[in-house]
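Novice: Those sequence lines, one after another, are chains A and B. Quick note: the first sequence uses our numbering, first residue 11, plus one each step. Quick note: the second sequence uses our numbering, first residue 11, plus one each step.
There are 2 protein chains.
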Amino acid sequence: MTGDALGLRLGIIGGLGPLASADFYRKLTELTPARADTDHLPLVLLSIPQLPDRTQAILSGSDEVLTQLLAAVRTLDALGVESIAIPCNTAHHWFDRLTAETSADIVHIVDSVVEDMARSFAGRRVAVLATPGTLSSGFYQHRLLSAGYEFCVPSSASFQREVDRAIADVKAGDIQSASVALGEAFRHCREEGIEAAILACTELSVMSREVDGAGLTIMDSNSALATACLRRLGLLAGSVQPALHRRIG
Amino acid sequence: MTGDALGLRLGIIGGLGPLASADFYRKLTELTPARADTDHLPLVLLSIPQLPDRTQAILSGSDEVLTQLLAAVRTLDALGVESIAIPCNTAHHWFDRLTAETSADIVHIVDSVVEDMARSFAGRRVAVLATPGTLSSGFYQHRLLSAGYEFCVPSSASFQREVDRAIADVKAGDIQSASVALGEAFRHCREEGIEAAILACTELSVMSREVDGAGLTIMDSNSALATACLRRLGLLAGSVQPALHRRIG
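1. Would you say the region 71 to 84 of chain A touches the region 215 to 223 of chain B, given that touching needs at least three Cβ pairs under 8 Å?
2. Curious, which full-length beta strand (DSSP E) runs of at least 3 residues does the region 86 to 140 of chain A contain?
3. Strictly under 9 Å for the Cβ-Cβ distance: is B/Glu-40 near chain A by that measure?
4. Which one of B/Asp-49, B/Thr-141 and B/Leu-41 has the shortest CA to CA distance from B/Gln-170?
5. As a quick exercise: from B/Pro-43, B/Ser-147 and B/Asp-222, pick the residue whose alpha carbon is nearest that of B/Cys-199.
6. Keeping to the same chain, check which residues put their C-beta closer than 6 Å to that of A/Ser-122; ignore five residues upstream and five downstream.
7. May I ask you to list the residues that DSSP assigns as paired with A/Ala-207?
8. Using CA atoms only, rank isn't needed, just tell me which of B/Ser-93, B/Leu-226, B/Leu-76 and B/Leu-53 is closest to A/Thr-85.
9. Report all residues from its chain with a CB closer than 6 Å to the CB of B/Arg-175; omit the five preceding and five following residues, and keep chain order.
10. Mapping DSSP to helix, strand and coil, what is A/Ser-168?
11. Suppose the cutoff is 8 Å on Cβ atoms and the five residues either side in sequence are ignored; what does the same chain contact list for B/Leu-240 look like?
12. Whole angstroms are fine: how far does the CA of A/Ala-137 sit from the CA of A/Thr-212?
13. Determine the chain B residues that contact A/Thr-48 at a beta-carbon separation under 7 Å, and present them in chain order.
14. Answer yes or no: does any C-beta atom of chain B fall closer than 9 Å to that of A/Arg-45?
15. Apart from the five residues on each side of it in sequence, which residues of its chain come closer than 7 Å, Cβ to Cβ, to B/Arg-257?
16. Starting from the beta carbon of A/Pro-142, find every residue of chain B whose beta carbon is closer than 8 Å, and list them in chain order.
17. Within 10 angstroms of its Cβ, does B/Asp-14 collect 16 or more other Cβ (buried), or is it exposed?
18. Report the three-state DSSP secondary structure of B/Val-180 (helix, strand or coil).
19. Do the CB positions of B/Gly-17 and A/Ile-58 come within less than 9 Å of each other?
20. Which chain A residues are close to B/Ala-182, counting only those with a beta carbon under 8 Å from its beta carbon?
21. Mind the definition here: the region 58 to 73 of chain A touches the region 141 to 152 of chain A only if three or more C-beta pairs lie below 8 Å; say whether that holds.
22. Shorter than 9 Å from the beta carbon of A/Gly-27 to some beta carbon of chain B?
23. Between B/Ala-188 and the rest of its own chain, which residues show a CB-CB distance below 6 Å, the 5 nearest in sequence each way excluded?
24. Check the Cβ-Cβ distances between B/Ser-70 and every residue of chain A, and say whether any is below 9 Å.
25. If the cut is a Cβ gap below 9 Å, which residues of chain A does B/Arg-36 touch?
26. In chain A, which residues lie with their C-beta within 8 Å of the C-beta of B/Ala-128?
27. Tell me where the beta strand (DSSP E) around A/Gly-21 begins and ends.
28. Flag this pair as yes or no: are the beta carbons of B/Arg-19 and B/Ser-113 separated by less than 9 Å?
29. Can you check whether the C-beta of A/Ala-82 is within less than 9 Å of a C-beta belonging to chain B?
30. How far does the alpha helix (DSSP H) with A/Val-163 in it reach, from first residue to last?
31. If you scan the region 49 to 87 of chain B from start to end, which runs of the alpha helix (DSSP H) of 4 or more residues do you find wholly inside it?
32. Please report the distance separating the alpha-carbon of B/Pro-164 from that of B/Ala-195.
33. Under a CB-based cut-off of 9 Å, is B/Leu-240 close to chain A?
34. Count the other CB atoms within 10 Å of the CB of B/Leu-155; is the residue buried (16 or more) or exposed (fewer)?
35. Return no unless some Cβ of chain A is closer than 9 Å to the Cβ of B/Gln-186.
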């Protein structure tokens, strides 16, 4: 195995889905203070889109996803990476079991979001736009509440339908339709007096720069994870990074 | 080594630079006829931005780049990939020596461009926008002439300066300045009666969708390489793909 010769520092378990991983890799690159190629992080990205549907696995209690995530973690370990990022929120259902199997530091996406919020969101009530699998698993609720935020999901039944549609549309490559659905989900948030929303599925992150939150503070889990990885590996200082999220409208 | 368990089919040697690789991965994803994650290609991307400057290595005759490219190829071999893509034109200077060391099929970026041109560019005279290393190596000249095209570079001294500036600006993350320089390079092409131009450095590919060729037929080496990989691995049929290049203006 010659991975060590390449000095690979970060391992990415991606392809969940591929557009979300491309978005993560691009944001990681753009957030790096670099003037030339050599200033960037040596990394390896495994894109394994054949992984079974994460939400279905959580709801049915299947371990098939875990088996493949473990194979990915072992491959990254063999390549000698220091840290691992998984730009898929739902896959964090298996975070503890993956962490137990590796000496690499897996950077938790929700901890990254919480760090990001602590730097610039003064409110407390936050809507979480996520897959039913992520919501059912409960790791967002737990980590947000521990950090002093109020987790909420708009009560309108059509809110989650719009979120699900936006995610499915990105997976099918239809960003335009996905953006309309995401805009509708944001509208439900505003109608219920919510001030901030987390793009807590990285498929939604693909639209983080184009979509109009019309007054909502939008937090992007992919940007937050990228920033956390760069900090952890010493490529970014501990100061506030203004590019992490923004207030639109 | 558990890479085989992941069924990785394509290996990408990237980070040369990172934005160009992110562009390649995104185009590969977008060009895949997919309705869901599982329709996409399982792949591994090695991002090794610490690789020494390719142009300098070619001009000075150094073998240091080759050593690291070989380490990357061996890592991908150990992971069991069928094909390898290198979304960096200049690195193709070492193509023959890399091919000799692997049983995987390395997809040549210039052959990909030529395949793409054969499908829809009726002219013959083509400007090549590339690094001095690529131009000095001669592999574009050779492969274009073999395929019946006339290789040309505008005679104005400032043409190559604009190309070099565009590439350096992308590496420094300044896409806006890079786009201006690329627009100037295109202007030199038109002034010399050239009808088509190849973005023959994948840093330039990052701007393939935004920049205005004002009448020039633009061919993008990153899109062409992505398409060639998908065809080679059976994810795209052999028919013409209209998204590969475009006539602007």
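C-beta atoms are modelled at their ideal positions from N, C-alpha and C, and glycine is treated no differently. None of the values given here were measured: they were computed from a predicted structure.
Specialist: Reading off the structure:
1. Output reads no: the region 215 to 223 of chain B does not touch the region 71 to 84 of chain A.
2. The beta strand (DSSP E) runs lying completely inside the region 86 to 140 of chain A and spanning 3 residues or more are 93 to 95, 115 to 117 and 135 to 139, given in chain order.
3. Interface criterion met: the Cβ of B/Glu-40 is under 9 Å from a Cβ in chain A.
4. B/Thr-141
5. Looking at the Cα atoms, B/Asp-222 is the closest of the given residues.
6. Correct list, in chain order: Ala-234, Leu-235 and Ala-238.
7. A/Ala-137 and A/Ile-228
8. B/Leu-53
9. Excluding positions up to five away in sequence, the list reads Ala-191.
10. helix
11. Leu-38, Leu-41, Thr-42, Leu-51 and Leu-246
12. CA-to-CA, the gap between A/Thr-212 and A/Ala-137 works out to about 15 Å.
13. Pro-59 and Gln-60
14. yes
15. Reliability of the predicted coordinates at B/Arg-257 is poor, the pLDDT of 35 falling under 50, and the value obtained from them is presented with this limitation in mind. Within the same chain, B/Arg-257 has close Cβ partners Thr-227.
16. Going along chain B, no residue has its Cβ under 8 Å from A/Pro-142, so there is no contact; the nearest lies around 16 Å.
17. Per the 10 Å Cβ criterion, exposed.
18. helix
19. yes
20. Ala-44, Arg-45 and Ala-46
21. yes
22. yes
23. Ala-176, Asp-179 and Val-180
24. no
25. Pro-28, Leu-29, Ala-32, Asp-33, Tyr-35 and Arg-36
26. Within 8 Å Cβ-Cβ: nothing; B/Ala-128 doesn't reach chain A, min ~27 Å.
27. DSSP places A/Gly-21 inside the beta strand (DSSP E), whose first and last residues are 20 to 24.
28. no
29. yes
30. From DSSP, A/Val-163 is part of no alpha helix (DSSP H); its letter is neither H nor E.
31. 64 to 70
32. Distance between the alpha carbons of B/Pro-164 and B/Ala-195 is about 9 Å.
33. Chain A places no beta carbon closer than 9 Å to that of B/Leu-240, leaving this residue out of the contacts.
34. exposed
35. no
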